[in-house]
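Report on the structure given below.
Protein chains: 2
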Amino acid sequence: MRDIDIAEAARLSGVRASTLRFYEERGLIASHGRRGLRRLFDPAVLDRLALIALGRAAGFSLDEIARMFAPDGRPRIDRRMLAAKADELERTIRKLNAMRDGLRHAAACPAPSHMECPTFRRLLRAAASGAIGERKTRRPPRKSFAATGREQGRARGS
Amino acid sequence: MRDIDIAEAARLSGVRASTLRFYEERGLIASHGRRGLRRLFDPAVLDRLALIALGRAAGFSLDEIARMFAPDGRPRIDRRMLAAKADELERTIRKLNAMRDGLRHAAACPAPSHMECPTFRRLLRAAASGAIGERKTRRPPRKSFAATGREQGRARGS
DNA sequence: CTGCCAGTTCAAGTCAACTTGAGGTCAAGG
DNA sequence: CCTTGACCTCAAGTTGACTTGAACTGGCAG
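Given below as structure tokens:
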């Protein structure tokens with residue numbers, strides 16, 4: 008069994024079939040051929056998907072990730088880019104640390120109201136001044152891990 | 008000068024006027040009255056905005072933040088919720104730390120290709136298994152700090 | 001040969017947090 | 001009094017990463 012179909016790829020990678028199609032459209036992965044209508048993927052697509060997941064986890068956008076592959080398909084990852092992203096993560100981590108400490112303190116603070124707690128007020132000023140920075144809340148991805156092989160959540164056909 | 012108008016509130020808080028209107032619509036802040044058409048805010052709105060900024064920075068959604076205010080307007084912040092968010096941040100921080108270390112290693116790794124670097128491959132597996140988790144990229148907010156009093160970026164009227 | 005159903009395409013929808021545009025209003029300055 | 005322009009409302013657009021719906025196809029089991 009050389010090539011795998013989209014359901015297999017989805018099952019093995021934990022990435023939904025619709026996402027695989029989307030990634031292909033965006034040039035992040037490529038299908039190797041078809042059997043009838045059905046895409047066939049080289050099993051190497053799984054490594055590629057892992058790489059994409061890694062990039063996403065590191066905070067790269069899909070466009071950035073796409074640029075990490077040479078035209079011939081081999082990963083061509085700029086080490087400086089990695090270092091830069093590491094630095095960015097470092098800064099984010101610092102802010103989150105401050106935030107976490109502040110939250111923990113506020114949660115344990117004996118002051119009758121948070122507004123009377125100096126630590127809380129210090130946090131407040133930091134946030135107001137933008138020193139802490141803005142983050143996006145991520146929405147829960149509706150799938151927590153590998154799918155079951157068919158596209159999920161479409162149980163009731165019309 | 009008891010009440011401030013929206014431009015003043017925007018200037019003092021660094022939050023855009025359009026955002027203030029949006030927040031009012033969402034029930035996060037309230038205007039105190041009008042002069043003609045123009046909203047008037049109690050200066051206390053600035054504290055409230057700081058609190059909102061803090062909540063956003065901590066990763067709360069606007070809906071969650073809205074729920075942190077009692078119907079009468081006083082902040083009623085659940086300490087358990089703060090602790091829970093602190094724990095969540097803790098987990099995020101741990102993942103980001105792992106990510107950062109991995110990126111730094113990959114950036115410095117002497118292996119000819121990243122795929123041959125054991126550390127990189129370990130990271131890859133972690134990302135593929137979902138152990139590292141997904142984050143959203145935040146987009147740059149188009150304003151870096153306090154506005155100048157008028158709404159920005161609309162220099163050329165038609 | 002026939003039907004099933006997992007696959008296909010393409011467009012449109014979702015989500016969050018805003019921003020932008022069009023068209024309208026009104027307090028104040030000249 | 002009349003213009004000016006900052007403010008108003010309401011609807012629609014933006015962004016990124018997908019998901020979902022509708023309509024269709026074709027390999028394969030029976």
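For the protein sequence lines, the chains are A and B, in the order given. Counting with our numbering, you get residues 8 to 165 for the letters of the first sequence. Counting with our numbering, you get residues 8 to 165 for the letters of the second sequence. Glycine residues also receive a C-beta, built at the ideal position from the N, C-alpha and C atoms.
For residue 37 of chain A, the nearest beta carbon of chain B is not closer than 7 angstroms to its own beta carbon. Cβ contact annotation for residue 46 of chain A (same chain, cutoff 6 angstroms, sequence separation greater than five): 13 and 38, in chain order. No Cβ of chain B is located within less than 7 angstroms of the beta carbon of residue 112 of chain A. When A:110, A:56 and A:9 are compared, the shortest CA-CA separation from residue 24 of chain A is found for A:56.
With its beta carbon at least 7 angstroms from every one in chain B, residue 13 of chain A lies outside the interface.
The C-beta of residue 130 of chain B has 16 or more other C-beta atoms within 10 Å across all chains shown, which makes the residue buried.
A residue is called buried once 16 or more other Cβ atoms fall within 10 Å of its Cβ, and residue 20 of chain B is buried on that count. The closest CA to that of residue 116 of chain A, considering only B:124, B:84 and B:41, is found on B:84. Straight through space, the alpha carbons of residue 10 of chain A and residue 88 of chain B are spaced by roughly 49 angstroms. Residue 47 of chain B carries a strand assignment under DSSP once its states are collapsed to helix, strand and coil.
Ranking A:18, A:124, A:61 and A:44 by CA distance to the CA of residue 127 of chain B puts A:61 first.
The residue among B:112, B:42 and B:139 with its C-alpha nearest the C-alpha of residue 98 of chain B is B:139. Here residue 108 of chain B carries a helix assignment [DSSP, helix/strand/coil]. In this structure residue 82 of chain A is not in contact with residue 112 of chain B, their Cβ atoms being roughly 16 angstroms apart against a cut-off of 8 angstroms. Among the residues of the region 90 to 101 of chain B, those with a Cβ less than 7 angstroms away from any Cβ of chain A are 90, 92, 93, 96, 97, 99 and 100, in the order of the chain. Secondary structure at residue 11 of chain B: strand, using DSSP grouped into helix, strand and coil. Within chain B, no residue has its beta carbon less than 7 angstroms from that of residue 24 of chain A; the closest one is some 17 angstroms off. Residue 54 of chain A and residue 124 of chain B have their C-alpha atoms spaced approximately 14 angstroms apart. Between residue 110 of chain A and residue 102 of chain B, the gap from beta carbon to beta carbon reaches 7 angstroms or more. In chain order, 57, 58 and 61 make up the part of chain B whose C-beta sits under 7 angstroms from the C-beta of residue 131 of chain A. Under the 7 angstroms criterion on CB atoms, residue 42 of chain B is classed as non-interfacial with respect to chain A. The three-state reading of DSSP puts residue 67 of chain B in coil, since its state is none of H, G, I, E or B. The C-beta distance from residue 58 of chain B to residue 106 of chain A rounds to 14 angstroms, too long to meet the 8 angstroms contact threshold. In this structure, residue 73 of chain B lies away from residue 114 of chain A, with their beta-carbon atoms at least 7 angstroms apart.
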